[in-house]
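Residue numbers (our numbering): 666 to 957. Every residue gets a Cβ at the ideal spot worked out from N, C-alpha and C, and that includes glycine. Note that the structure is predicted; figures quoted are calculated from it, not measured.
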Amino acid sequence: MSQTQAERLQAERKLAENQFDITQYDHVPRRYYGRIFFATVIVIALIGLVRAFAEGKIEWSYIGQFLTSQAIMWGLLNTIVMAVLAMAMGIVFGVITAIMRMSTNPILRYVALTYTWLFRGTPLILQLLLWFNLALIFPTIGIPGLFEMDTVSLMSPFMAALLGLSINQGAYTAEVVRAGLLSVDTGQYEAAKSIGMPRLQALRRIILPQAMRIIIPPVGNEFIGMVKMTSLASVIQYSELLYNAQNIYYANARVMELLIVAGIWYLATVTVLSFGQSRLERRFARGAGKRS
Numbered sequence: 666m667s668q669t670q671a672e673r674l675q676a677e678r679k680l681a682e683n684q685f686d687i688t689q690y691d692h693v694p695r696r697y698y699g700r701i702f703f704a705t706v707i708v709i710a711l712i713g714l715v716r717a718f719a720e721g722k723i724e725w726s727y728i729g730q731f732l733t734s735q736a737i738m739w740g741l742l743n744t745i746v747m748a749v750l751a752m753a754m755g756i757v758f759g760v761i762t763a764i765m766r767m768s769t770n771p772i773l774r775y776v777a778l779t780y781t782w783l784f785r786g787t788p789l790i791l792q793l794l795l796w797f798n799l800a801l802i803f804p805t806i807g808i809p810g811l812f813e814m815d816t817v818s819l820m821s822p823f824m825a826a827l828l829g830l831s832i833n834q835g836a837y838t839a840e841v842v843r844a845g846l847l848s849v850d851t852g853q854y855e856a857a858k859s860i861g862m863p864r865l866q867a868l869r870r871i872i873l874p875q876a877m878r879i880i881i882p883p884v885g886n887e888f889i890g891m892v893k894m895t896s897l898a899s900v901i902q903y904s905e906l907l908y909n910a911q912n913i914y915y916a917n918a919r920v921m922e923l924l925i926v927a928g929i930w931y932l933a934t935v936t937v938l939s940f941g942q943s944r945l946e947r948r949f950a951r952g953a954g955k956r957s
C-alpha cells in the first residue's frame, strides 16, 4: 500500500470518527414506562385497600384492647413453644432420616424413603386429625403385662399437635439435611476414613459443620413456616394464637378485629425470627467465600 493510500485511509477514518462522535450528542436518560405504570397501579391499589379498611366495619379500638389481652398472650406463648419443640424434634427426625437415606444398608434406606414419602404425601391437617383420633385405632398404648395407658388421656391436643407437626417436619428436613451432606466434597469422607475415624464421628465432627451453611437457610425458612403452621393445630383444639382469637370472636362477634390482632402477632414473630435467621446465616457463611 502506497503512502498516499495510507494517508487517504487515515483521513477517512478521522472523518468517520468526527462524524459519529457520540460526545457531541445530548444524553437522554432511559424512560422506564413499564415501571411507572406498575408503580402507579400499586399505589392506586394500596390507596383503595387502606380506604376499604378505613371505611369498613372495623372497630380499631378493639384491636388495641385485645392486642395484649391475657388469652392472646397465652396463645402467642403456646404458639412459640409448639413451634420450637416441633422444629427441634423435626430436626432430630430429619438428621436421623437423612443418615438412613445415605446408609449402605438397603433396609434403612427403604424405611427412610417410606417415611418421607408417607408424611410428605399427605396433608398436615389430615395427619393432625389422625393423631388426635388415634384412640379409635389403638384404645390403649403400652406393653401388655408391664404398663398400659389410655390413648385418649395420652393424646391431648398438645401431644397430638407436637407429634403431627414434628414428624411431618422431619420428612421435609431430611431432604434438606441430605442435600447439605451431599454438598460436602467426598474427599472429606475419605480423609476421615483414612485416619480411622468412625463414620458417625466423621459426620458429627467434620461433615455436618461444613454442611451447616447449606442446611441453615432452608431450615430457618421452615422454622418461620412452622410458626404459622401451628395455626393448623386449632382444628384439634390446641390453645394457640389463632384458636384463642377464634374463641374470643365467637363470643363478641368481632371477627375481623381479632383476626387482625392475630395477624399482627404472627408478623411480629416472623420479623424477629427472620432477623435471627439472617444473623445465623452470616455466622455459618464465614470462610465460605459468600456473604448473604
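Query: Limits of the unbroken beta strand (DSSP E) element including THR805; Result: 805-808
Query: Proximity below 9 Å, CB of ALA736 to CB of GLY829; Result: no
Query: For ALA800, three-class secondary structure by DSSP; Result: helix
Query: Exposure label - GLY759; buried when at least 16 CB within 10 Å; Result: buried
Query: C-alpha distance - LEU945 paired with PRO882, whole-angstrom precision; Result: 9 Å
Query: Strand pairing of PHE812, partner residues [DSSP]; Result: ILE808
Query: Exposed unless 16 or more other CB atoms sit within 10 angstroms - verdict on GLN675; Result: exposed
Query: Rounded C-alpha distance that separates ALA710 from LEU907; Result: 28 Å
Query: Whole-Å CB distance - ARG774 paired with ARG766, under 8 Å assumed; Result: 6 Å
Query: Test: MET877 CB closer than 9 Å to a CB of chain C; Result: Absent from the structure: chain C. Only one protein chain is present.
Query: N- and C-terminal bounds of the alpha helix (DSSP H) containing TYR903; Result: From DSSP, TYR903 is part of no alpha helix (DSSP H); its letter is neither H nor E.
Query: Inside the segment 867-927 only - alpha helix (DSSP H) runs reaching at least 4 residues; Result: 873-894 and 906-917
Query: ARG733 (DSSP reduced to helix, strand or coil); Result: Residue 733 is actually Thr in this sequence, not Arg. Residue state, collapsed to three classes: coil.
Query: Spatial distance of ILE879 from LEU846 (CA atoms); Result: 9 Å
Query: Cβ-Cβ distance between TYR903 and PRO809 below 9 Å; Result: no
Query: Buried or exposed by the 16-neighbour rule on C-beta atoms within 10 Å, applied to ASN770; Result: exposed
Query: Spatially closest choice to MET874 from PRO804, TYR854 and VAL817, by CA coordinates; Result: It is worth fixing the name first, because residue 874 is Pro in this sequence and not Met. Closest by alpha carbon: TYR854.
Query: Assigned secondary structure, SER821 (DSSP; H/G/I helix, E/B strand, else coil); Result: coil
Query: ILE832 to VAL706 span [Cα, whole Å]; Result: 44 Å
Query: Of the listed residues ALA825, ILE806 and GLU922, nearest to THR816 (C-alpha basis); Result: ILE806
Query: Three-way DSSP call (helix, strand, coil) for ARG956 in this model; Result: Caution is warranted here: a pLDDT of 43 is assigned to ARG956, below 50, making its placement in the model unreliable, and no coordinate value can be reported.
Query: Element boundaries [alpha helix (DSSP H), containing VAL776]; Result: 771-785
Query: The segment 916-924 touching the segment 721-733, judged by at least three CB pairs closer than 8 Å; Result: yes
Query: Cβ-Cβ separation, ALA751 to MET891 (assumed contact under 8 Å), whole Å; Result: 6 Å
Query: Proximity winner among ASN886, TYR915 and THR851, relative to SER943 (alpha-carbon distances); Result: ASN886
Query: Alpha-carbon to alpha-carbon, PHE940 and ALA704; Result: 28 Å
Query: Supposed contact pair ALA910 and GLY740 - C-beta distance, whole angstroms, cut 8 Å; Result: 7 Å
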